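Novice: Shown below is the structure under consideration.
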Amino acid sequence: PQPPPRQSLLQAYAKFSGAPLTVNTIGNSWRAPKGDVPVLISEDIVISQPAKILNFLRKQKYNADYELSAKQGADTLAYIALLEEKLLPALLHTFWVEAENYCSVTKPWFASRIAFPLSLYLPGKMSREALNRILLTRGGPPLYSLTEVEAQIYRDAKECLNLLSKRLGTSQFFFGDTPTTLDAFVFGFLAPIYKVCFPRVQLQEHLKQLPNLCRFCDDILTCYFRLTVSGHSPAGQDTADANLQKLTQLVNKESNLIEKMDDNLRKSPQHPPRKLTTLKLAAGGEESSPLNRLSP
Amino acid sequence: ATLCFQAFLQMCNLPIQVVCRANAEYMSPSGKLPFIHVGNQVVSELGPIVQFVKAKGHSLSDGLDEVQKAEMKAYMELVNNMLLTAELYLQWCDDVTVEEITHPRYGSPYPWPLNRILSYQKQWEVRRKMKAIGWAGKTLEQASMKNVDQCCQALSQRLGTQPYFFNKQPTELDALVFGHLFTILTTQLTTDELSEKVKNYSNLTAFCRRIEQQYFEGHDKDSSATVAARSAKRSLLR
Chain A
1 PQPPPRQSLL QAYAKFSGAP LTVNTIGNSW RAPKGDVPVL ISEDIVISQP
51 AKILNFLRKQ KYNADYELSA KQGADTLAYI ALLEEKLLPA LLHTFWVEAE
101 NYCSVTKPWF ASRIAFPLSL YLPGKMSREA LNRILLTRGG PPLYSLTEVE
151 AQIYRDAKEC LNLLSKRLGT SQFFFGDTPT TLDAFVFGFL APIYKVCFPR
201 VQLQEHLKQL PNLCRFCDDI LTCYFRLTVS GHSPAGQDTA DANLQKLTQL
251 VNKESNLIEK MDDNLRKSPQ HPPRKLTTLK LAAGGEESSP LNRLSP
Chain B
1 ATLCFQAFLQ MCNLPIQVVC RANAEYMSPS GKLPFIHVGN QVVSELGPIV
51 QFVKAKGHSL SDGLDEVQKA EMKAYMELVN NMLLTAELYL QWCDDVTVEE
101 ITHPRYGSPY PWPLNRILSY QKQWEVRRKM KAIGWAGKTL EQASMKNVDQ
151 CCQALSQRLG TQPYFFNKQP TELDALVFGH LFTILTTQLT TDELSEKVKN
201 YSNLTAFCRR IEQQYFEGHD KDSSATVAAR SAKRSLLR
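Residue numbers (the UniProt record's numbering), protein chains in the order written: chain A, 1 to 296; chain B, 1 to 238.
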């Protein structure tokens, strides 16, 4: 399974750097090379981890960090480490471990996108892996119970959000007027928290108290994802479905992703309906990939 | 890790005495080392110790503004995320290092068979953690070396030509970085590759030397400690 930020991060980066890419989802993850997602395919080269994908895009001259100084590059790495250590556990918890959220939003959405019988098994597996990861990296004395660990990770996440807000200040992006890798990472982490409507929303509530971070997300969504967001026009969508559609666009945690670099194709606004069709036609279920760490 | 704390406390001008104990991990309130024992209070781990010291009126980061504090915390996470994990990986997941260095050191205070059992237990624990964060499949080169190199590059770029990370005054970040880098530079391992990576960045080695001279030279016991003694200290207190 992939952490929620992955796909939105990569899509945001691609938009910032101007890399033309097509996002395809396949219902059958066994077709994805090594079962790892998301995956970038360019001609014959297959690359499967976000950090490597970013490196590849940079080498192809789609570099969102071109204007940055060495020190700013170093700052980027540091803030990414901060996100992974302090924010990611709480994010995983909100999506996969918090019982109400998991049962009412994550699991149904997830299960609706993969074939039976994997839909019975896979969500549970991902949930267990998320919990495992949280406990192994953040649990341990003096935090002896899950409640204590949870309290600590949410404290850390809120502190992280505060630090990000202080760092962003009144600028449009983290390094001035143009977005960079760090903006993509922050967006990737914040967008799911900001947009997905969960029953238990303490992180979202905290985020909403930081207006500059909300403005940051909104700006990116309107400037860079405008086409797809407004392309959501299937008639007769009710609110729950619309939220799930947004989740698909922003998160796509579980749908398998093959990104193809093609100079002639841009991401199609009709993407969501096509995905559902693809899922119905695809045979077999999805294989989960191990919870890979986003390595900077 | 001990060195980070010693450096931090020296920078705050607080006198300390380092003591080695075999049951140190059990004495610590959080099970993690090192910890400090002040009067009748015991505090462990860098975060709480910094806060404890701050509550007593000593702080290194008061002069920083909010943005700088955010940056400092981010860099500290970078060090924890990359350097510490790379060090742990090298110590416990690289078979050669484990067999020749880590097992003997970790088990040295205990009689056989306890020494083997405890080190295997620790090794299993560390490997589980590595698997959870996705480092299990990596080779030594990928996991440790590349991450140490990237981290050092970032630190070197951030430090530039300044004496400390936030210019004139040292902060917790300087103490943390010093602790890790000095340990890498002075600990004997099966290969010198790790210390070579650090030595590639001359401003970082100069930084370590500067802190060592400024804060440790008055203490003969520490600054003239041999490599072996330092390694032994690490094994007992980790």
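Note that the Cβ used here is the ideal one computed from N, Cα and C, for glycine as well.
Small disclaimer: the values here were computed from a predicted structure and weren't measured.
Could you tell me how far apart the beta carbons of Met72 (chain B) and Leu173 (chain B) are, in whole angstroms, since I believe they sit closer than 8 angstroms?
Specialist: That belief holds up - the Cβ atoms of Met72 (chain B) and Leu173 (chain B) are roughly 5 angstroms apart, short of 8 angstroms.
Novice: Here's the rule: buried if 16 or more other CB atoms are within 10 angstroms of the residue's CB, otherwise exposed. What is Asp192 (chain B)?
Specialist: Asp192 (chain B) is exposed by the Cβ-count criterion.
Novice: Are the CB atoms of Gln188 (chain B) and Gly63 (chain B) within a distance shorter than 8 angstroms?
Specialist: Going by C-beta atoms, Gly63 (chain B) is not nearer than 8 angstroms to Gln188 (chain B).
Novice: If you measure from the beta carbon of Tyr79 (chain A) to each beta carbon in chain B, is any gap under 8 angstroms?
Specialist: Judged by the 8 angstroms Cβ criterion, Tyr79 (chain A) is in contact with chain B.
Novice: Please report whether the beta-carbon of Asn132 (chain A) lies at a distance below 8 angstroms from any beta-carbon of chain B.
Specialist: Asn132 (chain A) counts as touching chain B.
Novice: Opposite His37 (chain B) in the DSSP bridges: which residues?
Specialist: Looking at the DSSP assignment, His37 (chain B) forms a beta bridge with B:Val42.
Novice: Would you please state the rounded distance, in angstroms, between the beta carbons of His58 (chain B) and Cys93 (chain B)? I believe it to be under 8 angstroms.
Specialist: Going by Cβ atoms, the distance from His58 (chain B) to Cys93 (chain B) rounds to 38 angstroms, so no, they are not a contact pair.
Novice: Check whether the Cβ of Arg210 (chain B) lies closer than 8 angstroms to any Cβ atom in chain A.
Specialist: No, no contact with chain A.
Novice: Taking 8 angstroms as the threshold (beta carbon to beta carbon), is Ala55 (chain B) in contact with chain A?
Specialist: Output row for Ala55 (chain B): interface = no.
Novice: What does the alpha-carbon distance come out to for the pair Ala74 (chain A) and Thr183 (chain B)?
Specialist: Roughly 22 angstroms between the two C-alpha positions.
Novice: Measuring alpha carbon to alpha carbon, tell me which residue in B:Gln162, B:Leu46 and B:Asn40 is nearest Ala175 (chain B).
Specialist: Of the listed residues, the one whose Cα sits closest to Ala175 (chain B) is B:Leu46.
Novice: Does any residue of chain B have a CB that is nearer than 8 angstroms to the CB of Thr178 (chain A)?
Specialist: For Thr178 (chain A), the answer is no, since every Cβ of chain B falls outside 8 angstroms of its Cβ.
Novice: Mind checking whether Ala130 (chain A) and Leu190 (chain A) have CB atoms under 8 angstroms apart?
Specialist: Result no, Cβ atoms of Ala130 (chain A) and Leu190 (chain A) do not sit closer than 8 angstroms.
Novice: Taking 8 angstroms as the CB-CB cut-off, is Asp75 (chain A) touching chain B?
Specialist: For Asp75 (chain A), the answer is yes, since a Cβ of chain B falls inside 8 angstroms of its Cβ.
Novice: Which residues, in chain order, does the region 75-98 of chain B contribute to contact with chain A at a C-beta distance below 9 angstroms?
Specialist: Listed by position, the residues of the region 75-98 of chain B near chain A (Cβ gap below 9 angstroms) are Tyr75, Met76, Glu77, Leu78, Val79, Asn80, Asn81 and Met82.
Novice: Does DSSP put Pro290 (chain A) in a helix, in a strand, or in coil?
Specialist: Low local confidence applies: a pLDDT of 31 at Pro290 (chain A) is under 50, so the model's placement there is unreliable, with the coordinate-based value given in what follows. Looking at Pro290 (chain A) - three-state DSSP - the assignment turns out to be coil, as it is neither helix nor strand.
Novice: Which bits of chain A does Gln157 (chain B) rub up against, with CB to CB less than 7 angstroms?
Specialist: Near Gln157 (chain B) (Cβ distances below 7 angstroms), the residues of chain A are Ala70, Lys71, Gly73 and Ala74.
Novice: Could you check whether the Cβ of Arg127 (chain B) sits closer than 8 angstroms to any Cβ belonging to chain A?
Specialist: So, not an interface residue.
Novice: Skipping 5 residues on each side, what residues in its chain have a beta carbon closer than 6 angstroms to that of Gln10 (chain B)?
Specialist: Cβ within range, chain order: Tyr215.
Novice: Given Thr97 (chain B), which residues of its chain have a CB within under 8 angstroms of its CB, disregarding the five upstream and five downstream residues?
Specialist: Around Thr97 (chain B): Leu90, Gln91, Leu189 and Thr190.
Novice: Is the beta carbon of Leu203 (chain A) sitting closer than 8 angstroms to the one on Ala157 (chain A)?
Specialist: Taking 8 angstroms as the Cβ cut-off, Leu203 (chain A) and Ala157 (chain A) qualify as a contacting pair.
Novice: Candidates B:Val19, B:Lys54, B:Phe52 and B:Ala70: which alpha carbon is nearest Leu163 (chain A)'s?
Specialist: Of the candidates B:Val19, B:Lys54, B:Phe52 and B:Ala70, the one whose C-alpha sits nearest the C-alpha of Leu163 (chain A) is B:Ala70.
Novice: Just to confirm the assignment, what range does the alpha helix (DSSP H) spanning Phe182 (chain B) have?
Specialist: Taken as a continuous stretch (DSSP letters only), the alpha helix (DSSP H) holding Phe182 (chain B) covers Glu172 to Thr186.
Novice: List, in order along the chain, the chain B residues whose C-beta lies closer than 7 angstroms to that of Thr137 (chain A)?
Specialist: Within chain B, the residues near Thr137 (chain A) are Lys129, Ala132 and Ile133.
Novice: If we cut at 8 angstroms on Cβ distances, does Lys158 (chain A) have a partner in chain B?
Specialist: Cβ-Cβ to chain B under 8 angstroms: no for Lys158 (chain A).
Novice: Which of the three DSSP states, helix, strand or coil, is assigned to Gly169 (chain A)?
Specialist: Note: Gly169 (chain A) maps to coil in three-state DSSP.
Novice: Just to make sure I have the definition right: I need the residues of chain B whose C-beta is within less than 7 angstroms of the C-beta of Arg128 (chain A). Which are they?
Specialist: Near Arg128 (chain A) there are no residues of chain B at all, since even the closest Cβ is about 11 angstroms away, more than 7 angstroms.
Novice: Going by Cα to Cα distance, which pick from B:Phe178, B:Glu66 and B:Glu217 is closest to Asn203 (chain B)?
Specialist: Among B:Phe178, B:Glu66 and B:Glu217, the Cα nearest to that of Asn203 (chain B) is on B:Phe178.
Novice: When DSSP labels each residue in this structure, what does Val19 (chain B) get in the three-state scheme?
Specialist: Coil, per DSSP.
Novice: For Ala151 (chain A), count neighbouring C-beta atoms within 10 Å of its own C-beta (all shown protein chains included) and say buried if the count is 16 or more, exposed if not.
Specialist: That one is exposed.
Novice: Hey, is Glu100 (chain B)'s beta-carbon within less than 8 angstroms of any beta-carbon in chain A?
Specialist: False, the Cβ-Cβ gap to chain A never drops below 8 angstroms.
Novice: Here's the rule I'm using: 16 or more other beta-carbon atoms within 10 Å means buried, otherwise exposed. How should His37 (chain B) be labelled?
Specialist: Flag for His37 (chain B) reads exposed.
Novice: For Ser29 (chain A), name the three-state secondary structure that DSSP assigns.
Specialist: Because the pLDDT of Ser29 (chain A) is 41, which lies under 50, any placement of that residue in the model is unreliable, and the number read from its coordinates should be weighed accordingly. Note: Ser29 (chain A) maps to helix in three-state DSSP.
Novice: What residue from A:Met126, A:Cys223, A:Ala115 and A:Tyr194 has the CA that sits closest to Asp177 (chain A)'s CA?
Specialist: Closest option to Asp177 (chain A), Cα to Cα, is A:Cys223.
Novice: Lys125 (chain A) touches chain B at which residues, Cβ-Cβ below 7 angstroms?
Specialist: Those do not exist, as Lys125 (chain A) stays about 14 angstroms from chain B at its closest Cβ, beyond 7 angstroms.
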